[in-house]
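Data first, discussion second: the structure below is written as structure tokens.
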Amino acid sequence: MSKATQSSAPASTYDPGSLPIGDKLRAIAIDGPVASGKGTIGRRLAQSLGFAYLDTGSLYRGLGAIAMEQGLDLKNENAISDLAARCSAQAFQRDDLRKEAVGEAASVVAAMPQARQALVAFQRRFAEAPPEGCRGVVLDGRDIGTVILPDAALKLFVTANEEARAMRRFQELQNRGDSATYARVLSDLKDRDERDRTRATAPLKPAEDAILLDTSEMDADQAFKRAFDLASQTFGA
Ligand code: DC
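Our numbering puts the sequence shown at residues 45 to 281.
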């Protein structure tokens with residue numbers, strides 16, 4: 045698994061006895077649409093709390109990238125599911141995961157139930173047995189609170205209006221030197237949200253017990269502070 049997708053806390057904080065919290069898993073489930081800020085919040089929470097972090101979008105991005113590289117038809121569900129079942133976590137360690145085309149491919153393959161199934165077990169194992177040294181886990185994605193970790197002690201649904209999210213993604217691409225127009229980024233983002241929200245299997249939606257965090261009017265520090273306050277209330281950090 046890529047170092048970019050996972051991180052773990054120093055060994056000194058390891059306390060296996062602290063993993064469950066009541067009948068809940070010592071975990072933070074973060075879901076939300078494209079460029080809502082969930083990844084930044086997740087990473088920073090994990091670092092501050094000594095939790096391990098898994099960006100589950102990178103699994104779908106990795107699958108999409110490998111499928112494109114192998115010239116597979118992204119609509120061929122059998123071929124993609126087959127590939128997902130054969131891929132080891134190592135295979136997802138790539139430098140091109142943040143490219144727009146890869147994000148698009150990820151959203152297409154993520155709509156396939158069998159391909160998703162192949163990735164579910166890895167995500168649950170990560171949460172139930174985090175790397176040594178970690179006091180809990182943070183996973184972010186689209187179905188973490190609803191499907192992967194329904195027993196997470198804290199669930200956040202991070203969102204922001206489309207224009208704010210498209211502007212963030214546009215600036216990120218510009219900073220990386222990728223060519224893009226704001227109009228194109230906005231239209232791609234709407235397409236991807238639509239696909240992620242309306243698919244039959246594990247669609248993007250808040251869990252019933254998720255706390256909504258709208259970051260439209262917040263900068264990254266403000267959004268993190270709100271999430272950290274909620275985590276402190278839950279875990280007594
Ligand atoms: O979070 P991201 O933009 O890196 O995710 C890329 C795509 O992967 C997203 O459009 C939908 C899919 N995805 C998913 O279906 N379930 C997840 N838990 C994470 C990502």
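All C-beta atoms in this analysis are idealised placements derived from N, C-alpha and C, irrespective of residue type, glycine included.
List the whole-angstrom C-beta distance separating residue i from residue j, where the pair is believed to meet the contact cut-off of C-beta under 8 Å.
{"i": "Leu69", "j": "Ala171", "result": "6 Å"}
{"i": "Ala197", "j": "Phe279", "result": "7 Å"}
{"i": "Leu118", "j": "Val153", "result": "6 Å"}
{"i": "Glu144", "j": "Asp240", "result": "Contact flag wrong, Cβ pair sits at about 15 Å."}
{"i": "Ser125", "j": "Ala149", "result": "Not quite, the Cβ-Cβ distance comes to about 15 Å (not below 8 Å), so this is no contact."}
If you draw a straight line from the alpha carbon of residue i to that of residue j, how long is it in whole angstroms?
{"i": "Gly94", "j": "Ala71", "result": "12 Å"}
{"i": "Thr203", "j": "Ala224", "result": "23 Å"}
{"i": "Arg87", "j": "Val181", "result": "10 Å"}
{"i": "Ala135", "j": "Phe272", "result": "33 Å"}
{"i": "Thr242", "j": "Ala155", "result": "9 Å"}
{"i": "Thr100", "j": "Asp253", "result": "20 Å"}
{"i": "Leu163", "j": "Lys82", "result": "20 Å"}
{"i": "Ser151", "j": "Arg236", "result": "7 Å"}
{"i": "Asp222", "j": "Ile74", "result": "28 Å"}
{"i": "Asp270", "j": "Glu261", "result": "Contrary to the premise, residue 270 reads as Arg rather than Asp in this sequence. Going by the C-alpha atoms only, they are around 13 Å apart."}
{"i": "Ala227", "j": "Arg212", "result": "13 Å"}
{"i": "Val229", "j": "Asp67", "result": "42 Å"}
{"i": "Pro174", "j": "Ala96", "result": "7 Å"}
{"i": "Asp187", "j": "Gln137", "result": "22 Å"}
{"i": "Leu98", "j": "Gln266", "result": "22 Å"}
{"i": "Leu256", "j": "Ser132", "result": "34 Å"}
{"i": "Ser102", "j": "Leu141", "result": "7 Å"}
Of all the options the options, which has the alpha carbon lying nearest to the alpha carbon of residue i?
{"i": "Ala264", "options": "Arg209, Gln277, Asn219, Gln161", "result": "Arg209"}
{"i": "Cys178", "options": "Ser80, Thr100, Ala90", "result": "Ala90"}
{"i": "Phe201", "options": "Pro77, Leu233, Glu238", "result": "Pro77"}
{"i": "Asp258", "options": "Ser92, Arg239, Lys234, Ile85", "result": "Ile85"}
{"i": "Val146", "options": "Met112, Ala246, Pro247", "result": "Met112"}
How about the region 216-234 and the region 93-109: do they share at least three Cβ pairs that are nearer than 8 Å?
no
Only counting runs of 3 or more residues, tell me where the beta strand (DSSP E) segments fall wholly within the region 193-230, in order along the chain.
196-203
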